[in-house]
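First comes the structure, then the notes that go with it.
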């Protein structure tokens with residue numbers, strides 16, 4: 006008898022990276038009745054053990070008890086592992102989470118940018134290719150096999166007030182999908198779980214397309230904000246900078262078309278969406294201001310690599326990457342050459 010979504014349960018859930026997005030998801034999942042554990046360290050670990058995980062939203066405060074540890078083996082095998090860390094931390098994190106993953110564990114990647122599994126079961130002639138820019142030695146793919154992965158695109162804005170204390174600003178959208186594009190019982194069950202937990206969850210027939218469309222906007226605005234200190238409204242108000250952004254988006258649009266992700270919109274259409282955010286500080290700008298490593302490889306280097314693989318020239322994206330990494334290296338937030 007074939008498996009159905011009713012045969013798949015997600016009772017035990019581990020959050021790896023209880024920052025803004027991971028913490029937000031963890032609170033909602035715990036309030037919906039799941040047994041939530043958190044792999045954490047330092048001040049966050051101590052806070053979670055003593056006070057639980059806390060979420061502030063619209064004047065309401067929700068605090069949930071969680072099992073927290075810095076040792077994955079102490080948490081044991083989970084039904085669902087939500088990985089929501091910054092891309093530069095993923096190589097190290099991937100080596101730590103093995104004890105959480107059993108034969109049937111689903112690993113949900115709720116992260117920015119192009120993931121290491123992007124071309125698994127997708128990409129036409131590029132299908133199956135490994136992206137060296139995000140997984141140089143293949144360590145992530147070995148630790149987190151593609152068979153366990155379900156992709157997730159987050160459309161929400163959250164921040165960390167203090168370790169273990171999350172503030173939700175706006176948005177509650179989660180798009181999930183199998184890398185292969187198949188509608189499996191496990192992705193159906195996960196979609197149902199997220200809806201029950203209060204998220205506006207959407208089941209995608211091709212999650213790579215949703216990843217690419219989100220990336221189409223933030224691969225340019227994020228790095229520019231990081232090395233200029235400008236909010237999104239100021240970036241788009243400058244005609245020359247907006248033109249530079251549009252040129253990069255056209256390059257990315259051509260790459261997308263080459264791997265099976267056509268985008269019907271023009272850059273100005275996306276700019277109109279970004280303008281609705283007002284004077285928004287991007288996540289990469291916040292990282293720079295907090296002295297944290299920046300996600301340049303997942304947002305920009307991977308797009309450049311896909312351009313090289315597909316034969317699409319990327320002079321404007323190359324310029325952005327060069328400027329961004331020069332700035333980040335000067336601050337010690339990106340690896341030296």
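In the working numbering, the protein residues as written are 6 to 342. Think of the CB as a built atom: it goes at the ideal place given N, C-alpha and C, for glycine as much as any other residue.
Own chain residues within Cβ distance below 6 Å of residue 34, not counting five before or after: The residue labelled residue 34 in the question sits at position 29 within the chain shown. So the qualifying residues of the chain are 18, 41, 202.
Boundaries of the alpha helix (DSSP H) in which residue 272 is found, first to last residue: The residue given as residue 272 occupies position 267 in the chain shown. 272-280 is the extent of the alpha helix (DSSP H) around residue 272.
Inter-stretch contact (C-beta, 8 Å, three-pair minimum) for the segment 163-176 and the segment 138-145: no
Cβ shell of residue 22 (< 6 Å), same chain only, five flanking positions each side left out: Stepping through the chain shown from its first residue, residue 22 is reached at position 17. Closer than 6 Å at the Cβ level, and outside the excluded window around residue 22, lie 89, 90.
Three-way DSSP call (helix, strand, coil) for residue 297 in this model: As a position in the chain shown, residue 297 is number 292, starting the count at 1. The answer is coil: DSSP assigns residue 297 none of H, G, I, E or B.
Residues bridged to residue 73 (per DSSP): Taking the first residue of the chain shown as 1, we reach residue 73 at position 68. Note: residue 73 sits in a beta bridge opposite 43.
Residue 59 vs residue 170 beta-carbon contact at 8 Å: Counted from its first residue, the chain shown places residue 59 at position 54. Counted from its first residue, the chain shown places residue 170 at position 165. Yes, these two residues count as a Cβ contact at 8 Å.
Pair within 8 Å by beta-carbon distance, residue 55 and residue 77: Residue mapping note: residue 55 aligns to position 50 of the chain shown, counting from 1. Residue mapping note: residue 77 aligns to position 72 of the chain shown, counting from 1. No, Cβ-Cβ distance for residue 55 and residue 77 is not below 8 Å.
Residues near residue 305 by beta carbon distance below 7 Å, same chain, minus five either side: On the chain shown, residue 305 is found 300 positions in, with the first residue counted as 1. Hits under 7 Å: 224, 228, 322, 325, 326, 329.
At least three beta-carbon pairs within less than 8 Å, the segment 185-192 to the segment 67-84: Counting Cβ pairs under 8 Å, fewer than three are found: no touch.
Runs of alpha helix (DSSP H) lying entirely within the segment 96-158, each at least 4 residues, in chain order: 144-148
Pair within 8 Å by beta-carbon distance, residue 369 and residue 151: For the chain, the structure presents residues 6 to 342; residue 369 sits outside this window and is missing.
Integer-rounded CB distance, given that residue 136 should sit under 8 Å from residue 307: Locating residue 307 in the chain shown gives position 302, where the first residue counts as 1. Locating residue 136 in the chain shown gives position 131, where the first residue counts as 1. Between residue 136 and residue 307 the Cβ distance is about 6 Å, and since that is below 8 Å, they are a contact.
Unbroken stretches of the alpha helix (DSSP H), 4 residues or longer, contained in the segment 146-219: 190-201
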